[in-house]
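Colleague: The structure is given below, and queries will be raised subsequently.
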Amino acid sequence: MRPSDWFLPALWSAMAAVLVGALVGREAEALAGFGVGAVVFIAGLAVGLRGRVRRAQVVSRPFPEAWRAWLDRHVPLYAAGSNADRQRFERTVLVALDAWSIEGVDGVTVDDTLRLAVAAGAGVMLWGRPDWDVPAGRSILLYPGTFDDEYSTIDSADFDGMAHPQGPVILSAPAVLSGWKRTDGYNVVLHELAHVFDFDPEGADGLPAFLDPRSVDAWKDLVRTEMRRAKLGKGVLRSYAATNPAELFAVATEQFFERPARLRQHHPELFEALAALYNVVPPDEELQSPGGSLMARRWSAGDA
Ligand SMILES: [Zn+2]
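So that you can map any letter, position 35 of the sequence shown is 456 in the numbering used here, and since no number is skipped, the others follow by simple counting.
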């Protein structure tokens, strides 16, 4: 726990303790006021630090080597990272696994790989932004395949994922795994998490909550331009990005992390905006290959 984690809970508890202690001291006697104040301080501190203590416990859990091997094979950002970056990623994964309930529906068995494949999305999106919080209390439901808007897995269903502002995030389990297998610009975990980061009380509007307020106007202009291009089939964003600003942001996020070089070549402004937003420049896809990237080999040699 950092000193800054202690400061605010301690300050509020001390203020409450002084206030209550002074009141009791005035009505009864000074010693009683001091005693009650001390109890209020300790109770306030315990409540204020509960979440932080929990987090400290969670991130100290061991991270299995098999998970590291999976991440090296499937997540280029992790494979290319320094030891410190990788450790931070692992802590984010542990926090996400603690914060989210991940359940299978219609016979889907949720094993460690599926859990890791979901939580890895948080690791990627918070890679350059460790100050952002993992969205808390999310329920993730994993379906056996694509589903329709009534959550039916009929043959004509074509949703791989769906995120609700207050409700669960629904994902097709096969799409979760295939999203990490290829760097093809499709990754349903990153797509739906982009929506989750985009949610505010009015829903998803393509204006992520963490966007710098000074960048809002420029971002809106950029989104309008890119939606027009997607609608006309220009550039590399699939036409679904033209649906609305929220889908533009989600589709662009997938491309940014999966095929950054291609996005930078065809949409330089959008690439720069996302690089500033996520505070990262992902490794070019030309340097990646399925089943263990060049970057991973180069970095693991350097780290050894
Ligand atoms: Zn979407």
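We put the CB at the ideal spot given by N, CA and C, even for glycine.
Whole angstroms is fine: what's the gap from Ala596's alpha carbon to Ala438's?
Modeller: Going from the Cα of Ala596 to the Cα of Ala438 covers about 53 Å.
Colleague: Please give the ranges of any alpha helix (DSSP H) in the stretch 666-717, keeping only runs that are unbroken, at least 4 residues long and fully inside the region.
Modeller: 666-679, 681-687, 689-699
Colleague: Mark Met436 as exposed unless 16 or more other C-beta atoms lie within 10 angstroms of its C-beta, in which case mark it buried.
Modeller: exposed
Colleague: Ends of the alpha helix (DSSP H) at Val590?
Modeller: Careful: Val590 lies outside any alpha helix (DSSP H), inside the beta strand (DSSP E) at 590-593.
Colleague: Inspect the beta-carbon positions of Ala662 and Leu691 and report whether they are closer than 8 Å.
Modeller: no
Colleague: From Thr567 to Thr574, what does the alpha carbon distance come to, in whole angstroms?
Modeller: 6 Å
Colleague: Using C-beta distances below 7 Å, list every residue in its chain close to Thr534, excluding the 5 sequence neighbours before and after it, in chain order.
Modeller: Correct list, in chain order: Trp491.
Colleague: Can you grab the Cα-Cα spacing for the pair Ile523 / Leu632, in whole Å?
Modeller: 28 Å
Colleague: Tell me which residue opens and which closes the alpha helix (DSSP H) that Tyr499 is part of.
Modeller: 497-500
Colleague: Please classify Ala505 as buried or exposed, where buried requires at least 16 other C-beta atoms within 10 Å of its C-beta.
Modeller: A residue is called buried once 16 or more other Cβ atoms fall within 10 Å of its Cβ, and Ala505, having fewer, is exposed.
Colleague: So, is Phe428 buried or exposed, given that buried needs 16 or more other C-beta atoms within 10 angstroms?
Modeller: Per the 10 Å Cβ criterion, exposed.
Colleague: Anyone know if the C-beta pair for Val617 and Ser593 falls short of 8 Å?
Modeller: No, Cβ-Cβ distance for Val617 and Ser593 is not below 8 Å.
Colleague: Apart from the five residues on each side of it in sequence, which residues of its chain come closer than 7 Å, Cβ to Cβ, to Arg507?
Modeller: Tyr499
Colleague: To the nearest angstrom, report how far apart Gly582 and Met648 are at their CA atoms.
Modeller: Going from the Cα of Gly582 to the Cα of Met648 covers about 21 Å.
Colleague: Rounded to a whole number of angstroms, what is the C-alpha to C-alpha distance between Ala459 and Arg475?
Modeller: Roughly 24 Å between the two C-alpha positions.
Colleague: What residue range is occupied by the uninterrupted alpha helix (DSSP H) comprising Leu518?
Modeller: Here the alpha helix (DSSP H) through Leu518 covers 504-520.
Colleague: On the CB-based measure, 16 or more other CB atoms within 10 Å of its CB, does Gly472 come out buried or exposed?
Modeller: exposed
Colleague: DSSP three-state call for Asp621: helix, strand or coil?
Modeller: strand
Colleague: Here's the rule: buried if 16 or more other CB atoms are within 10 angstroms of the residue's CB, otherwise exposed. What is Pro711?
Modeller: Low confidence applies to Pro711: its pLDDT is 49, below 50, so where it sits in the model is not reliable enough to give any reading.
Colleague: State the DSSP-derived secondary structure class of Phe568, mapped to helix, strand or coil.
Modeller: Strand.
Colleague: Secondary structure at Trp463, three-state DSSP: helix, strand or coil?
Modeller: Here the sequence assigns Ile to residue 463, which means Trp is not the residue at that position. DSSP, reduced to helix, strand and coil, places Ile463 within a helical segment of the structure shown.
Colleague: Return helix, strand or coil for Glu524, following the three-state DSSP convention.
Modeller: strand
Colleague: Residues with a Cβ closer than 6 Å to any heavy atom of ligand 1, in chain order?
Modeller: His612, His616, Glu668, Ala671
Colleague: On the DSSP letters alone, give me the boundaries of the alpha helix (DSSP H) that Ala449 sits inside.
Modeller: It is not in any alpha helix (DSSP H) - Ala449 carries neither H nor E in the DSSP assignment.
Colleague: In terms of residues, what are the limits of the alpha helix (DSSP H) holding Ala584?
Modeller: Annotation: Ala584 is outside any alpha helix (DSSP H); the continuous beta strand (DSSP E) that includes it extends over 582-584.
Colleague: Can you tell which of Phe510, Asp638, Val590 has its C-alpha closest to the C-alpha of Ser560?
Modeller: Val590
Colleague: Under the three-state reduction of DSSP, which class applies to Ser577: helix, strand or coil?
Modeller: coil
Colleague: Quick check on this structure: which residue in Leu432, Leu643, Pro634 has the alpha carbon closest to the alpha carbon of Asn665?
Modeller: Leu643
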